[in-house]
Amino acid sequence: MRSVGDKLKILFLCTGNSCRSQMAEGWARHLDGDTIEAYSAGIETHGLNPDAVRVMAEAGVDIAGHRSKHVDELKGIRFDYVVTVCGHAHESCPRFPGRTRVVHVGFDDPPRLAASARTDAERLGHYRRVRDEIRALVAVLPEALPGRPGGMSERRFDFSGARCVALMGGAYGNLPALQACVEDARAAGADVLAFLGDALGACGHSDETLAFLREHFQAILAGNHEREAAAGSSGCGCGLASPEDERISCQGQRHALESLSASWKPWLDALPSVAELDTAAGRLLLSHGSPARINEFLYETRFEEVRWLAWLRARDAVGLGCTHTGLPWIRRLPGGRLAANCGAAGKPDNDGDPAVHYALLTGRGGSFEAEIRRVVYDHRAWAERLAREGVESVFTETLRTGWWQSGTKSLPESERRTAPCCGSKGRVKRGQRFRENSSRFLSNPKAES
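Quick note on numbering that gives the first Met the number 0: the sequence shown kicks off at 0 and runs consecutively.
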């Protein structure tokens, strides 16, 4: 049993314990010495690479005292994780006793790349690039590691024949909107429907929404609303930066709990927080907030590419999907990888357009193409019904107008939009909300409202 405060024992393994694994050990000791007890070794021993020592020293990390070690020298240590950083080490990795988990995160081999370099600058450039890529991985350890002690619950789904996956989240009890999204996804050819959490919320109708999810979705994650409801909490656990925004959001949780039968709580409690979907186009890593924290807000304007790439590398995934912010976006990453926030299937994205959104990912070879789908539904009739049922105007007006009545104070300044004055409709044109690397909105065939 791991006691509180114990460090994770991680072994970085490569072919000769000469370069990549030495860099990883050096970075782990430098960046995460309080949480990680780092080691490195090789399937063979090739000696410490002087260029690896040189570029690490440039970054302020001294590995000159390291030596090349054979993995057999460390066989008496019970590791929590073995991280293989090259393909040969992964294929030849020995068996480890106990509950050691082996994770493969491959990096290019700097000596091999440098062999064809014509200048010292070009040669060292290969080492520096791999050094920085390894740093990015180590910087998000241990949070990026699957199945880490004390981490979020996880589940892997085998959809190896699927090529089109619909990602939805943030229904908040808005059943008509969710139904319209599912109808659109099926018409668009989705093989798999994945729900990324926050089925429950201010619209109430919890029992009907959960029954619909269980019937139509093949992969379902918990959001912060489900975690709080399963625990019997009246809070929402959103983690909004503004106390006022958090208070109003938690106010909506009352409607979720009042319409939730106790029989659903064990089912909610068993939902995973993170999922891996193995598909015909590769693995997708899915979370509600982030793979590290269920209520982390991953905003487009605060996009950290190195962090996303590290999450994907640690899971051998080609795409990462999330929700929680309510604002959809898509980003292309190096190596054919993809990051997407699917937005909310039960709430407009604060632009004066009452439509809702989800993400559709279509496999092309070993990667995915993605689009944000805009879906209309009878939002006026639904908002009027909720008002009759006692749902506060701060929630119903959002559905009716497409402008958020709360939550904007917690957004990054560059992503805040407010409803125009003087009665102007003031709808933000689709595409104005996106940075250059983001997808444009693609509307569904239904008529715009």
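Using N, Cα and C, we set each Cβ at its ideal position, and we do this for glycine too.
Only a predicted model underlies this, so the values are computations on that prediction, with no experimental measurement involved.
Problem set entry | Where the beta strand (DSSP E) containing GLY251 begins and where it ends | Counting along the chain, GLY251 falls outside any beta strand (DSSP E), though it belongs to the alpha helix (DSSP H) covering 242-257.
Exercise. Taking the beta strand (DSSP E) that GLU303 falls in, what are its first and last residues?
Worked result: Counting along the chain, GLU303 falls outside any beta strand (DSSP E), and DSSP gives it neither H nor E.
For this session: Would you decide whether ASP50 is buried or exposed? Buried here means 16 or more other CB atoms lie within 10 Å of its CB.
Result: buried
Exercise. Using the C-alpha atoms, what's the distance from PHE78 back to ARG387?
Worked result: 59 Å
Problem set entry | Through-space distance from ALA56 to ILE293, alpha-carbon basis | 37 Å
For this session: Pull up the distance between the alpha-carbon of TRP381 and that of LEU308, whole angstroms please.
Result: When rounded, the distance between both Cα atoms is 40 Å.
For this session: Would you mind giving the Cβ-Cβ distance between PHE158 and LEU276, rounded to the nearest angstrom? I have them listed as a contact below 8 Å.
Result: 6 Å
Exercise. Three-state secondary structure (DSSP) at THR361?
Worked result: strand
Problem set entry | alpha helix (DSSP H) segment containing MET167, residue limits | Where MET167 is concerned, there is no enclosing alpha helix (DSSP H), although the beta strand (DSSP E) it sits in stretches over 163-167.
Problem set entry | Expected contact under 8 Å - CB spacing of PHE11 and SER20 to nearest Å | At roughly 4 Å, the Cβ-Cβ gap stays under 8 Å, so PHE11 and SER20 are in contact.
Problem set entry | Residue closest to SER205, alpha-carbon to alpha-carbon, out of ARG253, ALA179, ASP190 and LEU220 | Measuring from the Cα of SER205, the nearest candidate turns out to be ARG253.
For this session: Give, in chain order, every unbroken run of the alpha helix (DSSP H) that is at least 4 residues long and sits entirely within the stretch 75-163.
Result: 86-90, 109-113 and 119-138
Exercise. According to DSSP, is ALA291 helix, strand or coil?
Worked result: coil
Exercise. Short check: CB of TRP403 to CB of THR397, under 9 Å?
Worked result: Yes.
Exercise. From which residue to which residue does the alpha helix (DSSP H) around LYS264 run?
Worked result: 264-268
For this session: For THR324, collect the residues of the same chain with a Cβ closer than 7 Å to its Cβ; drop the 5 residues on either side in sequence, then sort them by chain order.
Result: For THR324, where only same-chain residues beyond five positions count, the Cβ hits under 7 Å are PHE296, LEU297, TYR298 and ASN340.
Problem set entry | Nonlocal neighbours in the same chain, by C-beta distance under 8 Å from ILE76, ignoring five residues either side | So the list reads LYS8, LEU10 and TYR38, once near-sequence residues are dropped.
For this session: Give every residue of the same chain whose Cβ lies closer than 8 Å to the Cβ of ASP5, excluding the five residues on either side of it in the sequence, and list them in chain order.
Result: none
Exercise. Got a sec? Which residues, its chain only, sit under 7 Å from GLY86 by beta carbon, not counting five neighbours each side?
Worked result: GLY105
Problem set entry | Contact under 9 Å by Cβ, SER233 with LEU259 | The answer is no: Cβ separation not under 9 Å.
Problem set entry | Status (buried if at least 16 other CB within 10 Å, exposed otherwise) for PRO449 | In this structure the chain extends from 0 to 448, so residue 449 is not present and cannot be described.
Exercise. Apart from the five residues on each side of it in sequence, which residues of its chain come closer than 6 Å, Cβ to Cβ, to SER152?
Worked result: PRO271 and SER272
For this session: State the DSSP-derived secondary structure class of GLY334, mapped to helix, strand or coil.
Result: helix
Exercise. If you check the beta carbons only, do ALA358 and ARG373 fall under 9 Å apart?
Worked result: no
For this session: Would you mind sorting PRO93 into buried or exposed? The rule is 16 or more other CB atoms within 10 Å of its CB.
Result: exposed
Problem set entry | Minimum length 4: unbroken alpha helix (DSSP H) runs contained in the stretch 389-420 | 392-400
For this session: Mind reading off the beta-carbon distance from THR407 to ARG415? Whole number of angstroms is fine, and I expect it under 8 Å.
Result: For a cut-off of 8 Å, the C-beta gap from THR407 to ARG415 is around 5 Å, short enough to register as a contact.
Exercise. In chain order, which continuous runs of the alpha helix (DSSP H) of length 4 or greater are located wholly inside the stretch 5-40?
Worked result: 19-30
Exercise. For PHE194, which residues does DSSP report across the bridge?
Worked result: MET167 and ILE219
Exercise. According to the Cβ coordinates, are MET167 and ALA193 closer than 9 Å?
Worked result: yes
Problem set entry | Other residues of its chain near LYS264: CB distance less than 8 Å, five sequence neighbours each side excluded | The residues ALA228, ALA229 and GLY231, in chain order, have a CB closer than 8 Å to that of LYS264 in the same chain once the five nearest residues on each side in sequence are set aside.
Problem set entry | Touch test, the stretch 304-318 against the stretch 128-145, Cβ-Cβ under 8 Å, three pairs minimum | yes
Exercise. Expressed to the nearest angstrom, what Euclidean distance is found between the alpha-carbon atoms of GLU383 and PHE211?
Worked result: 22 Å
Problem set entry | Collapsed DSSP secondary structure at PHE367 in the structure displayed | DSSP, reduced to helix, strand and coil, places PHE367 within a strand of the structure shown.
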